[in-house]
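Participant: Once you've had a glance at the structure underneath, I'll fire off some questions.
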Amino acid sequence: MLVDFIVGLSLAAILLIMLWALKGLLLTPITSGENTGISIELTVRDSEPKLEQTIKGFVWLRDNGTLKANLYIDTHDADAATAHIAEAYAEKYGYITLSKDGETYGRAN
Numbered sequence: 725m726l727v728d729f730i731v732g733l734s735l736a737a738i739l740l741i742m743l744w745a746l747k748g749l750l751l752t753p754i755t756s757g758e759n760t761g762i763s764i765e766l767t768v769r770d771s772e773p774k775l776e777q778t779i780k781g782f783v784w785l786r787d788n789g790t791l792k793a794n795l796y797i798d799t800h801d802a803d804a805a806t807a808h809i810a811e812a813y814a815e816k817y818g819y820i821t822l823s824k825d826g827e828t829y830g831r832a833n
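Structure representation (structure tokens):
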């Protein structure tokens, strides 16, 4: 009886892992080839209170492998606080590049 329970539990766990992997594969929005790079450009104007939330969402998608892309943030017309948020993320993450007043900061891999 105990052996049947352990076997059933193991099979259920394996099935759940397989479904989880399949779900992750289906939720990957964009795939690229070996010689293709994907980049997203984010243009920020004036004050943008949701910029940090937007960047955090992108970082989450990038770090868990759902979206393999580089992020370019243009803060030419942004206020000082918004530009500071973008600068902090560009310094922290190598796949975020910041463009401000025609100068580029950070590095995109």
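Numbering (the numbering used here), first residue to last: 725 to 833. No residue lacks a Cβ here, since even glycine has one placed at the ideal position from N, Cα and C. Treat the numbers as computed from the prediction; the structure is a model and nothing was measured.
(1) Considering only their Cβ atoms, is the gap separating L822 from A810 smaller than 8 Å?
(2) One question on the structure: do S763 and Y796 come within less than 8 Å of each other, judged by their Cβ atoms?
(3) Helix, strand or coil: how does DSSP classify E776 here?
(4) Within 10 angstroms of its Cβ, does E772 collect 16 or more other Cβ (buried), or is it exposed?
(5) Note the first and the last residue of the continuous beta strand (DSSP E) segment covering A793.
(6) I'd like the list of long-range same chain contacts for I820, defined as Cβ closer than 6 Å, with 5 residues on each side in sequence excluded.
Facilitator: In short, the structure shows the following:
(1) For this step, residue 810 is matched to residue 86 along the sequence shown. For this step, residue 822 is matched to residue 98 along the sequence shown. Inclusion of A810 and L822 in the CB contact set at 8 Å is warranted, their separation being smaller than that value.
(2) Reading the sequence shown from its first residue, position 39 is the one you call residue 763. Reading the sequence shown from its first residue, position 72 is the one you call residue 796. Going by C-beta atoms, S763 is nearer than 8 Å to Y796.
(3) Taking the first residue of the sequence shown as 1, we reach residue 776 at position 52. In this structure, DSSP gives E776 a helical state, which the three-state scheme calls helix.
(4) Looking up residue 772 in the sequence shown gives position 48. Buried: at least 16 other Cβ atoms inside 10 Å.
(5) The count along the sequence shown starts at 1 and reaches residue 793 at position 69. For A793, no beta strand (DSSP E) run applies, since DSSP gives it neither H nor E.
(6) Start at 1 with the first residue of the sequence shown, and residue 820 comes out as number 96. Closer than 6 Å at the Cβ level, and outside the excluded window around I820, lie L795, Y813, A814, G830.
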